[in-house]
Structures are given as structure tokens and as C-alpha cells.
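In our numbering, the protein residues as written are 20 to 184.
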């Protein structure tokens, strides 16, 4: 067995309802592969979601505070509310998770996570990502923006091949 975990890049827009639906697949993949699979959140805020860019920055601050994925999961469960109310939802989710809300708000103001979000988005564009969710594992890129049907099994096959190789 290969000791190095396979990497699954998940290109998400945190205001995207399809990304919320994709969380079930992400959870199932984590459960199946455990520490043999490193799931990385990659930010790809879409222009049509006006609060996605701030949400991506907030997720980076949540990660810095040790609650990255819990924040992402909680926020994706509230995509409609985020679309309607914007930044207050980011702060509410942070508070519910016990994060330092003042620090998260400061991070949104001072832009300390802008470079990470911009770099993710630029890399995604360079790789041909056009919508969310999109997955990258090994040399495979799978676009779930139109349909997520069959994607988990294709990711499982790619991860299994990579672990065997």
C-alpha cells in the first residue's frame, strides 16, 4: 500500500446548492478511505453568487481557527439564507461553531485570506474548472455542476487505482 494519501481537490462555491448536495459524496469518500484520502477544499466562487467570495474568505479564517470543514458544512446547509442575508450568516455560523467571530469579521475586512481564494480560483480556471462542484483526483477532473450522478464511483475508482499504484 502507498503510505502517501491520494488527494481529492473539491472546487466549491460556498453559496452553491449543488455543493451542499455534494457533501454526502465527500463524507462517504472520507468514510471509505479514511486517512488514505486527503480532501482539500478549493475555492471557486461563482460570479452569480454575490456572497460566495466573502464565504470563501470566511472559510479560510475558520480553517485558521481549526474549524474549516465544520464551517463549510454548516454554511453549505444555509446557501439560500446566505444568498438572502449575506455576511451576517457567515458570522452566525462562526458563532454557532464557537469561533472567534470578531476575528472572522476582521479577516473579512482586512482581506488576509484574499490571496488563497484568488490563487484557488486562478488555478481552477487554469485547469479548466468552469462550475461547481468540480473534483480533481490523480489526472482526472470531474464536473458535477450539471450532474453529480456517477461521480462518487468514478472518484472511488481513481483513488483505489492510485493507492494500488
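For every residue, glycine included, the Cβ atom is placed at its ideal position computed from N, Cα and C.
By the DSSP assignment, the beta strand (DSSP E) with residue i in it spans what residues?
i           : result
residue 39  : Residue 39 -> not in any beta strand (DSSP E); alpha helix (DSSP H) instead, spanning 36-52.
residue 61  : 56-62
residue 133 : From DSSP, residue 133 is part of no beta strand (DSSP E) but of the alpha helix (DSSP H) over 133-146.
Assuming contact is defined by CB atoms lying nearer than 8 angstroms, are residue i and residue j in contact in what I supplied?
i           : j           : result
residue 56  : residue 95  : no
residue 123 : residue 133 : no
residue 29  : residue 61  : yes
residue 127 : residue 77  : yes
residue 73  : residue 100 : no
residue 148 : residue 174 : no
residue 81  : residue 90  : yes
residue 188 : residue 48  : Because the chain spans 20 through 184 in this model, residue 188 falls outside it and cannot be assessed.
Quick one: what's got a C-beta closer than 7 angstroms to residue i's C-beta in the same chain, skipping five residues either side?
i           : result
residue 183 : none
Can you round the beta-carbon distance between residue i and residue j to whole angstroms, since I take them to be within the 8 angstroms contact cut?
i           : j          : result
residue 38  : residue 32 : 6 angstroms
residue 167 : residue 64 : Wrong, their Cβ atoms sit about 19 angstroms apart, outside the cutoff.
Return the bridge partner residues of residue i from the DSSP annotation.
i          : result
residue 88 : For residue 88, which the question treats as bridged, DSSP gives no partner whatsoever.
Assuming residue i is part of the alpha helix (DSSP H), what are its boundary residues?
i           : result
residue 167 : Note, residue 167: premise wrong, no alpha helix (DSSP H); not H, not E.
With a CB to CB cut of under 8 angstroms and the five nearest residues on each side skipped, what residues in its chain are close to residue i?
i           : result
residue 164 : 37, 149, 150, 151, 152, 153
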